[in-house]
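Here's the structure we're looking at; comments come further down.
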Amino acid sequence: MTIPHHDWIAHHAAYAPESLAQVDLHSGRRFTYRQMHERVQRLASFLRNQCGVRKGDRVATLCHNSTDGFEILFAAQRAGAIELPLNWRLAVPELEFILKDAEPVALIYSEEFAPQVEALRGRLSIPHLILKREGEPSDYEAAIDAGIDPFEPEAATLDDVWMLIYTSGTTGRPKGAQLTYGNHFFNDVNAAMKAELTVRSHCLVYLPLFHVGGICVYAIPLFHFGGTVTVMRQFDAARALALLADPASGITHAFGVPTNFLFMSQLPAFADARFDHLVTVGVGGAPSPLALLELCASKGMPLTQAWGMTETATLGTFLSKEMALAKIGSSGQPVLHAALRIVDGEGTDVGAGVVGELLIKGPTITPGYWRREEVNKVALADGWLRTGDAAYVDADGYYFIVDRWKDMFISGGENVYPAEVEDAIYRLEGVGECAVIGVADERWGQVGRAFVVVKPGAALDEAGVLGHCLANLARYKVPKSVRFVAELPHNATGKILKHELPRD
Ligand code: ADP
């Protein structure tokens with residue numbers, strides 16, 4: 025059965041026209057559903073009539089976060105296009121690779137990325153380059169003003185692809201994960217059930233809109249249900265903290281990677297902050313130090329741990345706020361519309377408490393990577409997505425993500441999961457941020473190396489860190505060395521880039 029996909033923005037514009045759809049913190053612009061619908065319609069008309077966009081064509085964006093990002097997503101839908109949000113951290117050759125792979129017919133970019141677009145112009149040909157200045161006069165605003173030709177939106181089904189999101193490519197070439205309207209539909213249902221989203225919900229979004237973190241938790245679900253989204257240009261810990269701690273801001277929900285909460289928790293204002301008025305605050309995307317979760321919970325933050333991936337349109341497992349402390353460290357239970365397995369190296373299911381690779385199947389899973397048939401045969405064999413994550417399930421059915429397989433190392437024949445070691449180091453007073461990797465060692469094969477950022481005003485030395493690890497961890501897990509650094513490398517989402525840490 026082919027199920028039609030409905031135009032949510034048009035629906036809310038018809039039945040709740042004056043409801044607030046989105047707020048742009050940087051420019052101060054606010055849009056009701058009626059206003060958003062109009063701008064989306066005009067932009068879609070421009071894409072169709074002026075740029076010649078046809079069903080399945082790609083429309084790329086290279087922009088910092090703004091409400092325009094969501095306008096473009098919904099305009100792409102009406103024009104029948106697949107939206108390709110580019111990671112603005114990428115260098116020109118990396119952008120070139122993706123653009124050659126995806127072959128978009130149009131690229132909408134904001135002014136600060138003009139140099140990259142200029143450099144790309146000589147390397148590849150994109151028929152339409154559209155400059156945007158966040159509400160200021162620009163090609164983009166002119167296009168919206170001009171887009172008044174008669175225009176019939178393209179009908180879509182739940183199987184049609186809406187977005188093409190390239191994975192970070194930390195191992196090998198980046199791959200474009202295709203996400204369909206159906207993937208989003210079911211993620212929205214999963215998210216609503218777990219994170220308590222309703223028409224009255226208002227989510228603060230600061231994760232990048234080129235990543236599912238910024239798109240799917242919980243902006244797209246809220247546009248589905250007619251709620252409100254406030255968009256922050258880039259993560260600003262002080263501003264995010266102020267908004268989340270202030271009941272008058274109207275914000276009810278947020279989602280972040282652990283680094284977001286770590287940085288907020290290290291601000292002086294955090295000491296007196298309370299978060300009891302929020303409905304749920306999600307944390308996921310990377311292993312969370314337990315000490316950080318405990319600290320946030322002690323401030324009344326209704327924390328919900330979650331596990332997910334780009335390829336799963338985000339949520340795969342979710343830990344309710346009621347269980348946040350009872351099952352601390354767990355990423356929760358499977359969402360309604362997902363099936364999970366944990367298998368050993370031979371693909372055989374393992375029992376409770378045994379670490380294996382997590383597999384996931386269901387309607388939120390990508391139909392495959394763009395133009396990667398060979399990769400898809402392996403990564404999605406029988407519809408089960410191989411996540412590359414090491415996990416176990418406890419006797420009560422709660423899932424624990426131990427770490428990424430590729431971050432695990434073997435020391436003296438024993439598996440070491442860096443997340444566990446980092447978790448212990450975070451419990452040491454004075455540790456601002458840390459990361460552990462495995463490095464080659466003649467005697468043990470591999471040993472741990474810890475990188476530690478010391479909090480301002482604190483003093484730590486290698487012996488102190490190693491002594492703390494020895495007191496709290498089995499000997500083979502204890503790093504052999506500690507390097508103190510001013511900061512750790514992060515990707516634009518805020519996750520630590522372990523492959524950039526020195527191994528020599
Ligand atoms: P990237 O690889 O660029 O970070 P994704 O955002 O798709 O791309 O990352 C998904 C990965 O993030 C998962 O495979 C897993 O390794 C990690 N992850 C997500 N949620 C959690 C969690 N709750 N705990 C530990 N790791 C997580």
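Start counting the sequence shown at 25; every next residue gets the next number (my numbering). Every residue, glycine too, gets a C-beta built ideally from N, C-alpha and C. Remember, predicted model here, so these are calculated numbers, not experimental data.
Q.
Cutting at 6 angstroms between CB atoms, please list the residues of its own chain near Ile-189, excluding the five before and the five after it.
A. Ala-201 and Thr-334
Q | Contact set for Ala-115: own chain, Cβ-Cβ below 6 angstroms, skip 5 residues either direction | A | none
Q.
I'd like to confirm something about Met-325: is its beta-carbon nearer than 6 angstroms to some heavy atom of ligand 1, or not?
A. no
Q: Using 10 angstroms around the beta-carbon of Val-402, count the other beta-carbons present and answer buried if the total reaches 16, otherwise exposed.
A: exposed
Q) Taking the Cβ atom as the reference point for each residue, do Val-241 and Phe-279 lie within a distance shorter than 7 angstroms? A) yes
Q) Whose CA, out of Asp-447, Leu-49 and Val-236, lies closest to the CA of Leu-108? A) Val-236
Q: Indicate, with yes or no, if ligand 1 has a heavy atom lying under 6 angstroms from the CB of Arg-428.
A: yes
Q | Burial state of Gln-65 (16 or more Cβ within 10 Å) | A | buried
Q) What does a CB cutoff of less than 6 angstroms around Ser-69 pick up in its chain, not counting 5 residues either side in sequence? A) Gly-171, Asp-173 and Phe-175
Q: Using the Cα positions of Asp-465 and Val-471, report the straight-line distance between them to the nearest angstrom.
A: 6 angstroms
Q. Taking the alpha helix (DSSP H) that Glu-142 falls in, what are its first and last residues?
A. 138-145
Q. Say the cut is 6 angstroms; is the CB of Ala-310 nearer than that to a heavy atom of ligand 1?
A. yes
Q.
Quick check on His-208: buried or exposed, where buried means 16 or more other Cβ atoms within 10 Å of its Cβ?
A. buried
Q. Going by beta carbon distance, what residues of the same chain come within less than 6 angstroms of Ala-100, once the five residues before and after it are set aside?
A. Val-83 and Glu-107
Q) If you check the beta carbons only, do Leu-343 and Lys-351 fall under 7 angstroms apart? A) yes
(Q) Suppose you measure from the CA of Ala-126 to the CA of Tyr-393; what does that come to, to the nearest Å? (A) 11 angstroms
Q | Cβ neighbour criterion (16 or more within 10 Å) applied to Val-223 | A | exposed
Q: Tell me where the alpha helix (DSSP H) around Tyr-242 begins and ends.
A: Looking at the DSSP string, Tyr-242 is not in any alpha helix (DSSP H), and its letter there is neither H nor E.
**Q.** Any beta strand (DSSP E) of 3 or more consecutive residues that is wholly inside the stretch 54-98
**A.** 54-56 and 82-86
Q.
If distances are taken between C-alpha atoms only, which option among Phe-294, Lys-345 and Val-374 comes closest to Ala-414?
A. Val-374
(Q) Helix, strand or coil, according to DSSP, for Met-256 in the structure here? (A) coil
Q.
Please tell me whether, using a cut-off of 6 angstroms, the distance from the CB of Thr-411 to the nearest non-hydrogen atom of ligand 1 is below it.
A. yes
(Q) Strictly by DSSP, which residues pair up with Val-476? (A) Cys-458 and Phe-508
Q) Of the choices Ala-483, Arg-499 and Pro-526, whose alpha-carbon is the least far from that of Ala-459? A) Pro-526
Q) Between Trp-331 and Thr-341, is the Cβ-Cβ spacing less than 7 angstroms? A) yes
(Q) How far does the alpha helix (DSSP H) with Tyr-500 in it extend, from its first residue to its last? (A) Run containing Tyr-500: none; DSSP gives neither H nor E here.
**Q.** Test item: CB-CB of Cys-227 and Val-255 under 7 angstroms
**A.** no
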